[in-house]
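Undergrad: Got a structure for you, written out below as structure tokens; questions coming shortly.
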Ligand SMILES: [Zn+2]
């Protein structure tokens, strides 16, 4: 079981990353604790001390703007507020380094430069795609459901074939056509320029990252206004209401493209998968139950098995940890739009989670088992205590 992970950001994510051999090593949250800095045991305050006047950090050079330190100073533990500036600075630097080690910062910087190079040189084919035009992009039925913004209105346009998988007609055919042409145009340009592009993730050799050639702002609105309202209702347990970043790309299956996609989970809280076209057969998406990191390789229950056949314009929305894969596209060309939606709040909270995740069916099963053992043991103890009397 692999975690389908954006190739260029492998180390950027804060979650467990699969290594492809079925092992799910948890990424250490910070640097090794070999030389613990002073005040390492102290925590930042959740709410800033607004009355405290931060010191001036304008002369501090480095990865972060001085304003970051000034803002962070208000969150320092009260006992540190009046410490020397150097002490505070060391404390803050250590915290920032834990969240964003230098290797990752360099990677992000390189990716920024890569994007800027493309944006500077690539000329879009359909300018109208780069700004959100709801009525041109979405079907009226979908827009109406989002406008009403209730569970009932969403359910009125959806089917839920297995728990947690929602399917609905979403995109206008001309929008799908335009997006396909834009991707084709981008790929032609890449080929002509002999530009080496980054593929969407570690599992696909073909396809393109839409955020890399100018569509990021539009797709942010796509997520914020048209996916988040739905995921807030259907995926509250994984931060569906606090989605704040995305990774958007197209995947291409068929002759001279990727053939199929192995069994995996996504690096997302919520995934939107929409078929854009064109003509194809095969390529079904198979689902095999939602699992946490500990149970990602556990058996599938019969009732969790579900195969979905793609229809152009139609979307599937699912939990990022819903195990799935794509069967071989046997003929034609199939292109799908993928939007991996993430919640930084959820990822942060997850680090401190002690309880089992409510959304993992294997955790739920184990918990039920434990409870039933506990009830049995209590009953036995009672029977023994009452001398074996019939109850
Ligand atoms: Zn579990």
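Numbering (the working numbering), first residue to last: 6 to 396.
For each residue, glycine too, the CB sits at the ideal point set by N, CA and C.
Owing to the predicted nature of the structure, the values given are computational and were not obtained by experimental measurement.
Suppose only complete runs of 3+ residues qualify. What are the beta strand (DSSP E) ranges in the stretch 54-129, listed by chain order?
TA: none
Undergrad: Taking the beta carbon of residue 383 as the centre, do at least 16 other beta carbons fall within 10 Å, making it buried, or is it exposed?
TA: exposed
Undergrad: Jot down the residue ranges of each uninterrupted alpha helix (DSSP H) in the stretch 311-378, minimum 4 residues, whole runs only, in chain order.
TA: 349-355
Undergrad: May I ask whether a heavy atom of ligand 1 can be found less than 7 Å away from the beta carbon of residue 362?
TA: yes
Undergrad: Between residue 38 and residue 354, what straight-line distance do the alpha-carbon atoms span, to the nearest angstrom?
TA: Summary for residue 38: the model assigns pLDDT 44, below 50, so the residue's position carries little reliability; its value from the coordinates is reported in the next sentence. Roughly 22 Å between the two C-alpha positions.
Undergrad: Please give the ranges of any alpha helix (DSSP H) in the stretch 159-200, keeping only runs that are unbroken, at least 4 residues long and fully inside the region.
TA: With a minimum length of 4 residues, the unbroken runs of alpha helix (DSSP H) contained wholly in the stretch 159-200 fall at 178-198.
Undergrad: Measure the CB-CB distance between residue 342 and residue 248 and report whether it falls below 8 Å.
TA: no
Undergrad: Indicate the three-state DSSP secondary structure (helix, strand or coil) for residue 263 in the structure shown.
TA: strand
Undergrad: Do residue 236 and residue 346 count as a contact pair if the criterion is CB distance below 8 Å?
TA: yes
Undergrad: Does DSSP classify residue 153 as helix, strand or coil?
TA: DSSP places residue 153 in helix when its eight states are reduced to three.
Undergrad: Report the three-state DSSP secondary structure of residue 299 (helix, strand or coil).
TA: helix
Undergrad: If you draw a straight line from the alpha carbon of residue 28 to that of residue 71, how long is it in whole angstroms?
TA: The pLDDT assigned to residue 28 is 28, lower than 50, so where the model puts this residue is not dependable; a value taken from the coordinates is nonetheless given after this. Near 41 Å, if we compare the C-alpha coordinates of residue 71 and residue 28.
Undergrad: Compare the C-alpha of residue 266 against each of 380, 157, 206 and 304 and name the closest.
TA: 206
Undergrad: Would you say the beta carbon of residue 152 comes nearer than 7 Å to a heavy atom of ligand 1?
TA: no
Undergrad: Kindly list the residues whose CB is nearer than 6 Å to the CB of residue 314, restricted to its own chain and excluding five residues on each side of it in sequence; keep chain order.
TA: Hits under 6 Å: 289.
Undergrad: Just to confirm before moving on: does the CB-CB distance between residue 174 and residue 148 stay below 8 Å?
TA: no
Undergrad: Could you pull out every residue in the same chain whose Cβ sits closer than 7 Å to the Cβ of residue 300, ignoring the five residues on either side in sequence?
TA: 365, 367 and 368
Undergrad: Among the candidates 212, 132, 231 and 193, whose CA atom is the shortest distance from the CA of residue 159?
TA: 231
Undergrad: Which two residues bound the contiguous alpha helix (DSSP H) that contains residue 273?
TA: Here residue 273 belongs to no alpha helix (DSSP H), and DSSP marks it neither H nor E.
Undergrad: If you measure from the CB of residue 300, is any heavy atom of ligand 3 nearer than 7 Å?
TA: Ligands displayed in this structure: ligand 1; ligand 3 is not among them.
Undergrad: Can you find the residues in the same chain that come closer than 7 Å, C-beta to C-beta, to residue 191, ignoring five residues on each side of it along the sequence?
TA: So the qualifying residues of the chain are 127, 213 and 218.
Undergrad: Taking only the alpha-carbon atoms, compute the straight-line gap between residue 296 and residue 155 and give it to the nearest angstrom.
TA: 27 Å
Undergrad: Should residue 367 be counted as a contact of ligand 1 given a C-beta to heavy atom distance under 7 Å?
TA: yes
Undergrad: For the candidate residues 316, 250, 193 and 336, whose alpha-carbon lies nearest to that of residue 352?
TA: 250
Undergrad: On a Cα-Cα basis, can you pick out the residue from 234, 337 and 198 that is closest to residue 151?
TA: 234
Undergrad: Is residue 296 near ligand 1 - that is, is its Cβ less than 7 Å away from at least one heavy atom of it?
TA: yes
Undergrad: Going by the beta-carbon positions, is the gap between residue 273 and residue 330 smaller than 8 Å?
TA: no
Undergrad: Leaving aside the five residues before and after residue 322 along the sequence, list all residues of the same chain whose C-beta is less than 6 Å from its C-beta, in chain order.
TA: 171 and 277
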